[in-house]
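Below is one structure; the comments refer to it alone.
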Ligand code: UDP
């Protein structure tokens, strides 16, 4: 299909205010703007301030004349915590305060199509219906987790839910179509676990399930995945959601579509410490394990020490992202670091606050990725052909790490364990003992990922179809 020179469509893209969501939806925004669609990207003020500081928004706007940003407040004070157990608070606050603001923008800006984060599914459906605008939902999680959320009510019918507690964690879930016997209870999304103290359902369980059902009301659903990666879940999803656009991996898709004259942006909400690239340059081929737990994970000082000892004891070189807000308030423990960790880190490690992750994963010195398995990190590792050691924190990450270890066989899953010996052994397994096996599978997957977003590939074609679809529903 020939790209239109001008488009009458005006798309409002509205992500959940968190790095992973903003990242993938901003990649989509750029892909639409490359095809001359008018795109307004709606951020919270907090998110936009961070992007303005760290993501070079100015040059992004200069590159894409049909792209602009608008902001709304998230209803929280600037210094309000937005990670770890408080990660959902901006979203919850927006659901309460955002309604009239969203309605206003849809009307005043003459929006013809709302592409809303699926975490806002009900809010988006209600507002768009009220003002007569078509809605498409964008889910920033993988298809397998989306499908698991969708199937949750049926798991109650087959008596596979609820999960009763710790003793139930290794029970195998048999009845998710396409994913039969893949997940144990511990591999279900973290919101499927009961509250540890009260035994009651997780506070977010009902919401994630009902928001997923709300996507049945949308005109279409966009997923940042590719058909070869999650074929079983996708084949079942397509029976319930007839209009699904798999257009991922979006960061690679953007890279493959953008003319070489357009340099890509990092979409980063944190300041990147570029010294890590020089450090990587100075090390041998595939000799470094890159460690990062994303933008929202928090951990105790005790857990940090288990990882730190495990990494130092593995004797591997490591590059570790430790965000300034990653460690939860100390339990009055000694703040000093044991001499053997200081020494081991000086010899073989580098700890920084934030890195350009896609570039790091593509660096020749990186041999493996210890990750929390956020969906962006997972597919970025897949594209780079880098094997993983997974330590999922919450939400979809429990499912993703199971895919890594058991479906794609590109790494190991250490979920629910935080022990220095396990860290040491798994790092040695991916970097040395089982290196070839994991690398071979990871390279095969990386080739498929690139094929999917190259001309003629399914994700490439689906993006063209998506743009035609947006044009069509915008005319109605
Ligand atoms: N990221 C980055 N630099 C870092 C750590 C993370 O650029 O030092 C990016 C990473 O590339 C990914 C995003 O932050 O695109 C994190 O999203 P993900 O879905 O993996 O996890 P979340 O942060 O939502 O838990």
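In the working numbering, the protein residues as written are 102 to 577. In this text, a Cβ means the ideal position worked out from N, Cα and C, and glycines have one as well.
Option in 124, 427, 488 with minimal Cα separation from residue 511: Taking the chain shown and counting its residues from 1, one reaches residue 511 at position 410. Residue 488 is the option with its Cα nearest to residue 511.
Bridge partner(s) assigned by DSSP for residue 450: Within the chain shown, the letter at position 349 stands for residue 450. Residue 450 is bridged to 419.
C-alpha gap between residue 293 and residue 281, whole angstroms: The residue labelled residue 293 in the question sits at position 192 within the chain shown. The residue labelled residue 281 in the question sits at position 180 within the chain shown. Cα to Cα, the separation comes out at about 17 Å.
Proximity test, residue 263 beta-carbon vs the ligand UDP heavy atom, cut-off 7 Å: By one-based count along the chain shown, residue 263 stands at place 162. No, the Cβ of residue 263 stays beyond 7 Å of every heavy atom of the ligand UDP.
Nearest candidate by alpha-carbon position, reference residue 264, set 287, 406, 222: Numbered from 1 along the chain shown, position 163 holds the residue referred to as residue 264. Out of 287, 406, 222, 287 has the C-alpha closest to the C-alpha of residue 264.
Assigned exposure category for residue 275 - 16 Cβ within 10 Å defines buried: As a working note, residue 275 is residue 174 in the chain shown. By the neighbour-count rule (16 or more Cβ atoms within 10 Å), residue 275 is not buried but exposed.
Boundaries of the alpha helix (DSSP H) in which residue 552 is found, first to last residue: Within the chain shown, residue 552 is the residue found at index 451, counting from 1. Start and end: 536 to 553.
Any non-hydrogen atom of the ligand UDP within 7 Å of residue 456 CB: Walking along the chain shown from the start, residue 456 turns up at place 355. Yes - the ligand UDP has a heavy atom lying nearer than 7 Å to the Cβ of residue 456.
Burial state of residue 234, where buried means 16 or more other Cβ atoms lie within 10 Å: For the purposes of this step, residue 234 is identified with residue 133 of the chain shown, where counting begins at 1. Residue 234 is buried by the Cβ-count criterion.
Distance, residue 223 Cα to residue 565 Cα: In the chain shown, the residue the question calls residue 565 occupies position 464. In the chain shown, the residue the question calls residue 223 occupies position 122. One C-alpha to the other measures close to 27 Å.
Where residue 189 falls: helix, strand or coil (DSSP): Locating residue 189 in the chain shown gives position 88, counting from the first residue. Looking at residue 189 - three-state DSSP - the assignment turns out to be coil, as it is neither helix nor strand.
First through last residue of the alpha helix (DSSP H) which encompasses residue 338: As a position in the chain shown, residue 338 is number 237, starting the count at 1. 332 to 341 is the span of the alpha helix (DSSP H), which, as asked, contains residue 338.
DSSP bridge partner residues for residue 143 (one or two, in chain order): By 1-based counting over the chain shown, the position of residue 143 is 42. 171, per the DSSP bridge assignment.
Boundaries (first-last residue) of the alpha helix (DSSP H) holding residue 234: Translated into positions along the chain shown, residue 234 becomes position 133. Note, residue 234: premise wrong, no alpha helix (DSSP H); not H, not E.
Completely contained beta strand (DSSP E) runs for the stretch 286 to 333, where each covers 3 or more residues: Runs found: 321 to 324.
Rounded C-alpha distance that separates residue 322 from residue 482: Indexing the chain shown from 1 puts residue 322 at position 221. Indexing the chain shown from 1 puts residue 482 at position 381. So the two alpha carbons sit approximately 24 Å from each other.
Outcome for residue 579 when other beta-carbon atoms lying within 10 angstroms are tallied against a minimum of 16: With the chain covering only 102 through 577, there is no way to say anything about residue 579.
The stretch 406 to 415 contacting the stretch 440 to 455, beta-carbon criterion three pairs below 8 Å: Counting Cβ pairs under 8 Å, three or more are found: they touch.
Endpoints, the beta strand (DSSP E) within which residue 514 is located: As a position in the chain shown, residue 514 is number 413, starting the count at 1. It spans 512 to 514 - the beta strand (DSSP E) in which residue 514 sits, taken as one unbroken run.
Residue 491 to residue 473 span [Cα, whole Å]: For the purposes of this step, residue 491 is identified with residue 390 of the chain shown, where counting begins at 1. For the purposes of this step, residue 473 is identified with residue 372 of the chain shown, where counting begins at 1. Whole-angstrom Cα-Cα distance: 6 Å.
Local conformation of residue 484 per DSSP, three classes: One-based indexing of the chain shown puts residue 484 at position 383. DSSP, reduced to helix, strand and coil, places residue 484 within a helical segment of the structure shown.
Extent of the continuous alpha helix (DSSP H) run through residue 246: On the chain shown, position 145 is the one that residue 246 refers to. From DSSP, the alpha helix (DSSP H) with residue 246 extends over 244 to 258.
Near the ligand UDP: residue 481 beta-carbon under 7 Å from a heavy atom: For the purposes of this step, residue 481 is taken as the residue at position 380 of the chain shown. Correct: residue 481 has its Cβ closer than 7 Å to the ligand UDP.
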